[in-house]
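Peer 1: Take a look at this one; I'll ask things after.
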Amino acid sequence: MNSKTLDQELKQLSSSGMTVTLLNALDFVIPGSYHNVTNIRDLVQIQANQPKAIRTMNIAKEAEKLYAEDEGAQRAVQLYKLTDQADKAVAAAALANKVGSTFKALSFLTRFTPKADTVQTIDLCLKVTVEAMAYLSLHGMSLTGVGDWAKMVTQSDTYSNESALRMAAIIGVDGLIPLGPDFVSKVTDTITGSSMAWGDNALFKQLSGFLPGGSVEEKGAFIQSTFAAATAPIQAFVEKTGLTREKAIGQLKSFTDFSDDKLDYAAAFLDASTSYMTQTGVQTVARHFVGRAILTAGEEAVV
């Protein structure tokens, strides 16, 4: 499915720029600080506690072997990438020559038109669905296991490091900032109280082939049920991490400059200028296989 190695995927990630800045701003949700790893050897060094060169090489080699054999993990990477590609396409198409608030050195980007609440709702639901599908795919689980995924969201042993940052970005950038602190109930009311134009959404079109169901209605029903399963865990994640709208806005204002009445512009700007799903998604997948490789290397050492 994927001809690229883990190391190649990592090396294509951003080493600086807006994506990394956003993730650093949100790293208060995890213990310690975010390590933006962009090659597999550095990741091995971090996870295996500075092993010697030969052991580092062996762990990296084993991680690459495990990843190459795992189509589910490769599918997870593809899902993360498709999500960011669609987001950028939608944001680019939204340029409307409007004069908005000023971002430091990037004021022209405020010409992005904010998404309508219904479009933002669909995008948020789809990103939550992608997160569920990618997790299940990475761990070799069926898409019927959405409920099992939902239980993992607040577990620090399964949702830590890059996974927790990605969830924080989904909640903050696509939920709290554009839709407000009551975004969960607002989204729930929208998707259950009216007919949703799933098929008109650019991200839905990108992901359609991965969603279960033969029709748009069936695929939409899966998205709705996935978000419904995620509502309680999302709220628990917010409470656990202290990720409020005010805190998210405060963190964003550390590297951007916008007024509180232009938060929808800020969300459109971040959609256009970041690839946080790919950045953290690839790192999550790489961390998963390096962890497995460390265990394998340890077993071989004992033998």
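The numbering used here applies: residue 198 is where the sequence shown begins, and numbers increase by one.
Don't be surprised by glycine CBs; every beta carbon is placed ideally from N, CA and C.
Note that the structure is predicted; figures quoted are calculated from it, not measured.
Out of curiosity, what's the CA-to-CA distance linking T285 and Q247?
Peer 2: Residue mapping note: residue 285 aligns to position 88 of the sequence shown, counting from 1. Residue mapping note: residue 247 aligns to position 50 of the sequence shown, counting from 1. It is worth fixing the name first, because residue 285 is Lys in this sequence and not Thr. K285 and Q247: Cα-Cα distance of roughly 37 Å.
Peer 1: Below 7 Å CB to CB, which residues in the same chain sit around Y231 once its five sequence neighbours on both sides are set aside?
Peer 2: Within the sequence shown, the letter at position 34 stands for residue 231. So the qualifying residues of the chain are L220, N221, D224, L362.
Peer 1: Are the CB atoms of V370 and L467 within a distance shorter than 9 Å?
Peer 2: Within the sequence shown, residue 467 is the residue found at index 270, counting from 1. Within the sequence shown, residue 370 is the residue found at index 173, counting from 1. Yes, these two residues count as a Cβ contact at 9 Å.
Peer 1: Assuming A347 and P430 are in contact, meaning their beta carbons sit under 8 Å apart, how far apart are those beta carbons, in whole angstroms?
Peer 2: Along the sequence shown, one-based indexing puts residue 347 at 150. Along the sequence shown, one-based indexing puts residue 430 at 233. A347 to P430, Cβ: 5 Å. Contact.
Peer 1: For P409, which of A399, T423, N398, D397 has the nearest alpha-carbon?
Peer 2: If you number the sequence shown from 1, residue 409 lands on position 212. Answer by Cα proximity: T423.
Peer 1: Between A283 and F401, what straight-line distance do the alpha-carbon atoms span, to the nearest angstrom?
Peer 2: Position 86 of the sequence shown, counted from the start, is the residue given in the question as residue 283. Position 204 of the sequence shown, counted from the start, is the residue given in the question as residue 401. In a straight line, the C-alpha of A283 is about 9 Å away from that of F401.
Peer 1: By alpha-carbon positions, which one of A425, A427, W395, A399 ends up nearest to S412?
Peer 2: Within the sequence shown, the letter at position 215 stands for residue 412. Among A425, A427, W395, A399, the Cα nearest to that of S412 is on W395.
Peer 1: If I measure Cβ to Cβ from L279 and keep anything under 7 Å in the same chain, skipping five residues before and after, which residues do I get?
Peer 2: For this step, residue 279 is matched to residue 82 along the sequence shown. Excluding sequence neighbours, L279 sits near Q403, L404.
Peer 1: Does DSSP put S339 in a helix, in a strand, or in coil?
Peer 2: Within the sequence shown, residue 339 is the residue found at index 142, counting from 1. Coil.
Peer 1: In the DSSP assignment, find the alpha helix (DSSP H) that holds E414 and state where it starts and stops.
Peer 2: Along the sequence shown, read from residue 1 onward, the residue named residue 414 stands at position 217. Where E414 is concerned, the enclosing alpha helix (DSSP H) stretches over 413–438.
Peer 1: Residue range of the alpha helix (DSSP H) that E259 falls in?
Peer 2: Here residue 259 refers to the residue found at position 62 of the sequence shown. Its alpha helix (DSSP H) spans residues 250–265.
Peer 1: Given this structure, state the Cα-to-Cα distance separating G214 from K208, to the nearest angstrom.
Peer 2: By 1-based counting over the sequence shown, the position of residue 214 is 17. By 1-based counting over the sequence shown, the position of residue 208 is 11. So the alpha carbons of these two residues sit roughly 15 Å apart.
Peer 1: For T326, which of helix, strand or coil comes out of DSSP?
Peer 2: Numbered from its first residue, the sequence shown carries residue 326 at position 129. The answer is helix: DSSP assigns T326 an H, G or I state.
Peer 1: Decide if the segment 485–496 is in contact with the segment 262–280; the criterion is three or more beta carbon pairs, one per stretch, under 8 Å apart.
Peer 2: Segments in contact, yes.
Peer 1: Please report the straight-line C-alpha distance between M349 and G229, rounded to a whole angstrom.
Peer 2: Numbered from 1 along the sequence shown, position 152 holds the residue referred to as residue 349. Numbered from 1 along the sequence shown, position 32 holds the residue referred to as residue 229. Taking the straight line from one Cα to the other gives about 21 Å.
Peer 1: Check whether chain B comes within 9 Å of V217, counting only Cβ atoms and requiring the distance to be less than that.
Peer 2: Although the question refers to chain B, the structure presented lacks it and comprises just one protein chain.
Peer 1: Just to confirm, does Q476 get its C-beta within under 8 Å of one of the non-hydrogen atoms of the ligand HEM?
Peer 2: In the structure on display, the ligand HEM does not appear, and there are no ligands present to speak of.
Peer 1: Could you tell me the distance, in whole angstroms, from the CA atom of N398 to the CA atom of K459?
Peer 2: Taking the sequence shown and counting its residues from 1, the one referred to as residue 398 is at position 201. Taking the sequence shown and counting its residues from 1, the one referred to as residue 459 is at position 262. If I take the Cα positions, the gap works out to 24 Å.
Peer 1: Tell me whether the segment 450–459 and the segment 337–345 touch, counting them as touching only if at least three CB pairs, one residue from each stretch, are closer than 8 Å.
Peer 2: Between the segment 450–459 and the segment 337–345, the count of C-beta pairs closer than 8 Å stays below three; the two stretches do not touch.
Peer 1: Is K208 helix, strand or coil by DSSP?
Peer 2: Within the sequence shown, residue 208 is the residue found at index 11, counting from 1. K208: helix per DSSP, three-state reduction.
Peer 1: Alpha carbon to alpha carbon, what distance is there between K444 and E436?
Peer 2: On the sequence shown, residue 436 is found 239 positions in, with the first residue counted as 1. On the sequence shown, residue 444 is found 247 positions in, with the first residue counted as 1. Roughly 12 Å separates the two Cα atoms.
Peer 1: Does T202 come out as helix, strand or coil in the three-state DSSP assignment?
Peer 2: Reading the sequence shown from its first residue, position 5 is the one you call residue 202. Three-state result, T202: coil.
Peer 1: Using the Cβ count rule (16 or more neighbours within 10 Å means buried), how would you classify K301?
Peer 2: What you label residue 301 is simply residue 104 of the sequence shown in a count that begins at 1. Bear in mind that the predicted position of K301 carries a pLDDT of just 45, short of 50, making it unreliable; the figure below should be weighed with that in mind. Burial call: exposed.
Peer 1: Are the beta-carbon atoms of R252 and A494 separated by less than 9 Å?
Peer 2: By one-based count along the sequence shown, residue 252 stands at place 55. By one-based count along the sequence shown, residue 494 stands at place 297. A contact, by the Cβ cut-off of 9 Å.
Peer 1: Less than 9 Å separating the beta-carbons of L240 and Q476?
Peer 2: Your numbering for residue 240 matches position 43 in the sequence shown. Your numbering for residue 476 matches position 279 in the sequence shown. No, the Cβ-Cβ distance between L240 and Q476 is not below 9 Å.
Peer 1: If you run the structure through DSSP and keep just helix, strand and coil, what is S357?
Peer 2: Numbered from 1 along the sequence shown, position 160 holds the residue referred to as residue 357. Here S357 sits in coil by DSSP.
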